[in-house]
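2 protein chains.
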Amino acid sequence: MREVAVLGIGQTRVDEHWDKSLRELAGEAVLAAMDDAHLSAVDAIYVGNMMSGSANKQQHLGAYIADWVGMRYAEGLRIEAACGSGAAAFRSALMAVASGALDSAVAVGVEKMTDSPGAEITAELATAADADYEAGQGLSFVALNALIMRRYMFEYGWKKEDFAPFSINAHANGVHNPCARFHEPLDEKGYARAPMVADPINLMDASPMGDGAAAALIVPVERLYRQPGVPLVKVAGSAAATDTIAIHDRRDPLWLMAAERSARLAYAQAGVGPEDIDVFELHDAFSIMAALSLEAAGFAARGQGPHLALDGEIRPTGRVPIATRGGLKARGHPVGATGMYQIVEVVQQLRGDCGETQVPGAKIGMAQNIGGSGSNIVAHIFTVD
Amino acid sequence: MREVAVLGIGQTRVDEHWDKSLRELAGEAVLAAMDDAHLSAVDAIYVGNMMSGSANKQQHLGAYIADWVGMRYAEGLRIEAACGSGAAAFRSALMAVASGALDSAVAVGVEKMTDSPGAEITAELATAADADYEAGQGLSFVALNALIMRRYMFEYGWKKEDFAPFSINAHANGVHNPCARFHEPLDEKGYARAPMVADPINLMDASPMGDGAAAALIVPVERLYRQPGVPLVKVAGSAAATDTIAIHDRRDPLWLMAAERSARLAYAQAGVGPEDIDVFELHDAFSIMAALSLEAAGFAARGQGPHLALDGEIRPTGRVPIATRGGLKARGHPVGATGMYQIVEVVQQLRGDCGETQVPGAKIGMAQNIGGSGSNIVAHIFTVD
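Same order as they appear, the protein sequences are chains V and H. For what it's worth, the numbering used here labels the leading residue of the first sequence as 164, then goes sequentially. For what it's worth, the numbering used here labels the leading residue of the second sequence as 164, then goes sequentially.
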């Protein structure tokens, strides 16, 4: 396999983009990444997206976006792995370039959720769960996560307010990210009075939907014309794993086996361990997922994830900085785009471009994107010279 | 890139499978391919599918099918490129194995269309066209192809009945394929009296929808334990290209530029030309597409595709055998599965397993899968020792 680097990144703000179509959002991110990379053409476009067929009545996003950004005739396809679609698209683009089949590729995650009314989007999101045995019984995604969180609190003795620091950290960091959906800080009082969505998950435990697109352009290092002054971010590890699609089929519903496996594989490829990771963009779709991700990726012992948050170790200056640009909670969670936002944000950290929430001296970063209730997890590790 | 071979294939019959779920169909094909390959585990599952999110209320097919076939924890994702999803999934699996990232992968195309009522599936299929400028104006896929066919007849002086031999050949071959949807032969009279769908496309110019799944298991040749008595089918070329998603944006709507480009790239990789191809499984979703595909892939001059059909050269004993197992017309067109059926059928031809419709001495075969109105085309060339 050829060594691959991220040469350019681009993103739109996560927001309700009533004035922009799906292709305009994706196009903005792709063209920004190409501009950042100083490249005017790429061999292929890999689009991570979950719901455009239902929410926007548009599929076939490979051809659709390639055409829109002036890449007519380039290769183009869509990758779907539920909320893990973004990182899955990046991984496929990565393997195509690493294999030698392509000399450049852009991976873009895009989702335009606000075209779909509230109740419909809840049903569309539920297509990431088992249609027969979960969604068909009326289990929405927040309900599935509420079951996990309740069990977790029972098993390990946590109280609801112990999860507050996850959301508070995310909102504190999002304030400084112009692409974040929310720029309002949150405190304990705000968390405590948030309305309950699905007990014990309240509104401040749940990430907001939104419209947005984020893109990264990758090239093999051997073909690289380095840009003066821009640190070179390389892909050091990439792995993916699935777990049962239905939670009730797992031996231990409180352990993200697919996160453990994909993280372990990525660590082995990169020759690092959790202790070497300077910044960790995890998939805090719900605060319980942040805790489980920290544990499965090796940053905390089983059942002990909230300790890192309560001790302040998840802040940009802590031991395991997470959600440094707001995370899913404050940057927002446009589902098929989220994995690409995480990758873009890790690259920003390794380039040292994060201002107020810059992790000091960040050299190694990891992004972990989750599809479904932990049923498809993609991990990437990046390094900078 | 590592050289890659198809070690196993599997397929279900294309039919109205009211008694089987999406995962049961996919599982049947995947397990048959693994059985054929004598392998009990694979590193990853790549699922080609277009419409499960709307037609079956189930997305996230990577995890969904990996779980079902007992591949828990394997990598799994879905690839969507409209009707080209099947071959796009195969190509992504191929690059992952060729890159060295994976040592085995199964690509499965699956679609269960009959869960969705007639009018709805027409709208779902139209999501492969431009939602704003084509589908939004009421243009269904058959209507788009009717516009192309009418123009083609006008430009090159063909009569409607000149297209009959495409459908007659497909049905004659489908009779002998147990996995084909239709086993009834068709003659000129039957073609002539077929009801008009969208003038000039009649019911016998159009491929039928259906439910089905087809799979291929690939491994690097260097890791191969050859099975005695089974010819080894290698992937000699793989390429993909897009064109504008909307037909009106093309300089020449009668020329499949993405087919020309992907075929040329695949020919160059394989070191062959159209004259070397012994069997060509093309995308005869409509008979006009068969003509255009023959031309763009270099088998006929511009506007002259129907000559090959009228001269009998597309039959299994002709110069360019197409639709040798029934093609989209008679085997059926379960959209996201179709590209994988084509690949499975080429492998069957190169193994010499096609009985009555076996192409004598077939050594080199090509599969060409089209997404949208020619807007995304994937070509694969296979060889056998």
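Here a beta-carbon is modelled for each residue, glycine too, at the ideal position from N, C-alpha and C.
Worksheet item: When you check each C-beta in the region 268-292 of chain V against every C-beta of chain H, which residues fall closer than 9 Å?
Response: Within the region 268-292 of chain V, contact with chain H at the beta-carbon level (separation under 9 Å) is assigned to ALA286, GLU287, ALA289, THR290, ALA291, ALA292.
> Short check: CB of PRO484 of chain H to CB of VAL522 of chain H, under 9 Å?
Replying inline: Yes, the Cβ-Cβ distance between PRO484 of chain H and VAL522 of chain H is below 9 Å.
Around the Cβ of MET359 of chain V, are there at least 16 other Cβ atoms within 10 angstroms (buried) or fewer (exposed)? Of the residues assessed, MET359 of chain V falls on the exposed side of the cut-off, its CB having fewer than 16 other CB atoms within 10 angstroms.
Between which residues of its own chain and ARG386 of chain H is the CB-CB distance below 7 Å, once the five residues before and five after are set aside? Answer for ARG386 of chain H: ASP266, listed in chain order.
- Is ALA250 of chain H helix, strand or coil by DSSP? Residue state, collapsed to three classes: helix.
Q.
Check whether chain V comes within 9 Å of ALA237 of chain H, counting only Cβ atoms and requiring the distance to be less than that.
A. Under the Cβ criterion of 9 Å, ALA237 of chain H is counted among the residues facing chain V.
Establish whether the CB of SER401 of chain V and some CB of chain H are separated by less than 9 Å. Chain H, which has a Cβ nearer than 9 Å to the Cβ of SER401 of chain V, makes this yes.
Express the C-alpha separation of VAL510 of chain H and GLY171 of chain H in angstroms, rounding to a whole number.
Their Cα atoms are separated by approximately 9 Å.
Handout entry: Exposure label - ARG488 of chain H; buried when at least 16 CB within 10 Å
Key = By the neighbour-count rule (16 or more Cβ atoms within 10 Å), ARG488 of chain H is buried.
Checklist line | Run of the beta strand (DSSP E) containing THR546 of chain V, from where it starts to where it stops | finding: Its beta strand (DSSP E) spans residues 539-547.
Q. For chain H, is any of its Cβ atoms less than 9 Å away from the one on ALA229 of chain V?
A. Yes, ALA229 of chain V counts as interfacial toward chain H.
Kindly say whether LEU240 of chain V, judged by its beta-carbon, lies nearer than 9 Å to any beta-carbon of chain H.
So yes, LEU240 of chain V belongs to the interface.
| message | Counting only Cβ pairs nearer than 9 Å, list the residues of chain H close to ASN532 of chain V. | response | Chain H residues near ASN532 of chain V: none, gap ~12 Å exceeds 9 Å.
* Asked: Any residues in the region 416-443 of chain V with a beta carbon nearer than 8 Å to a beta carbon of chain H? Which ones, in chain order?
  -> The residues in question are MET420, ALA421, ARG424.
Are LEU457 of chain V and LEU445 of chain V closer than 9 Å when you measure CB to CB?
The criterion of a C-beta distance shorter than 9 Å is satisfied by LEU457 of chain V and LEU445 of chain V.
Under 7 Å between beta-carbons, which chain V residues line up against ILE408 of chain H? List them in chain order, please. Listed along chain V, the residues sitting closer than 7 Å to ILE408 of chain H by beta-carbon distance are HIS223, ALA226, TYR227, ASP230.
_What does the Cβ neighbour count give for SER203 of chain H, buried or exposed, with the cut at 16 atoms within 10 Å?_
With fewer than 16 Cβ atoms within 10 Å of its Cβ, SER203 of chain H is classed as exposed.
- Query: Does any CB atom of chain V fall closer than 9 Å to the CB of LYS397 of chain H?
  - Reply: Answer no: the Cβ-Cβ gap between LYS397 of chain H and chain V never drops below 9 Å.
Item checked: Boundaries of the beta strand (DSSP E) in which TYR430 of chain H is found, first to last residue -> First-last for TYR430 of chain H: 420-433, but that is the alpha helix (DSSP H), not the beta strand (DSSP E).
Q. Can you find a CB in chain V that lies within less than 9 Å of the CB of LYS220 of chain H?
A. Look at LYS220 of chain H: its C-beta is under 9 Å from a C-beta on chain V.
Exercise for review: Return the chain-ordered ranges of every alpha helix (DSSP H) run that is complete within the region 227-288 of chain H and spans a minimum of 4 residues.
Suggested key: The region 227-288 of chain H contains these whole alpha helix (DSSP H) runs: 248-262, 281-288.
### Query
Taking Cβ positions, are THR175 of chain V and ASN340 of chain V nearer each other than 9 Å?
No, Cβ-Cβ distance for THR175 of chain V and ASN340 of chain V is not below 9 Å.
| request: Give the single residue among H:PHE345, H:GLU324, H:ALA264, H:GLY353 whose Cα lies nearest to the Cα of ASP362 of chain H. | output: Per the Cα distances, H:GLU324.
*asked:* With three or more beta-carbon pairs closer than 8 Å as the criterion, would you say the region 219-228 of chain H touches the region 244-260 of chain V?
replied: Yes: the two stretches touch, three or more of their Cβ pairs being nearer than 8 Å.
So what's MET529 of chain H in DSSP terms, helix, strand or just coil?
-> MET529 of chain H: strand per DSSP, three-state reduction.
Taking CB distances under 9 Å as the criterion, tell me whether ASN340 of chain V reaches chain H.
No - not a single Cβ of chain H is within 9 Å of the one on ASN340 of chain V.
Fill in: Residue of V:ARG235, V:ALA195, V:THR501 minimising C-alpha distance to ASP412 of chain H
Per the Cα distances, V:ARG235.
CB contact below 9 Å: ALA189 of chain H versus chain V = At a cut-off of 9 Å between C-beta atoms, ALA189 of chain H does not count as an interface residue with respect to chain V.
| message | Could you check whether the Cβ of ASN336 of chain V sits closer than 9 Å to any Cβ belonging to chain H? | response | So, not an interface residue.
**Study point:** With 16 other Cβ atoms within 10 Å as the buried cut-off, status of GLN300 of chain H
**Key:** By the neighbour-count criterion, in which a residue is buried when 16 or more other Cβ atoms sit within 10 angstroms of its Cβ, GLN300 of chain H is exposed.
- [ ] Examine chain H for any beta-carbon lying closer than 9 Å to the beta-carbon of SER538 of chain V, and answer yes or no.
- [x] It does: the Cβ of SER538 of chain V has a partner Cβ on chain H nearer than 9 Å.
Going along the chain, which unbroken runs of the alpha helix (DSSP H) with 4 or more residues stay wholly within the region 169-213 of chain V? If only complete runs of 4 or more residues are kept, the region 169-213 of chain V shows the alpha helix (DSSP H) at 185-200, in order along the chain.
Q: Helix, strand or coil for LYS322 of chain H, going by three-state DSSP, please let me know.
A: It is coil, neither helix nor strand.
Going by DSSP, name the residue or residues bridged to LEU380 of chain V.
V:GLY171, V:VAL269, per the DSSP bridge assignment.
Measure from the C-beta of MET214 of chain V to each C-beta in chain H and report whether the shortest distance is under 9 Å.
Yes, MET214 of chain V counts as interfacial toward chain H.
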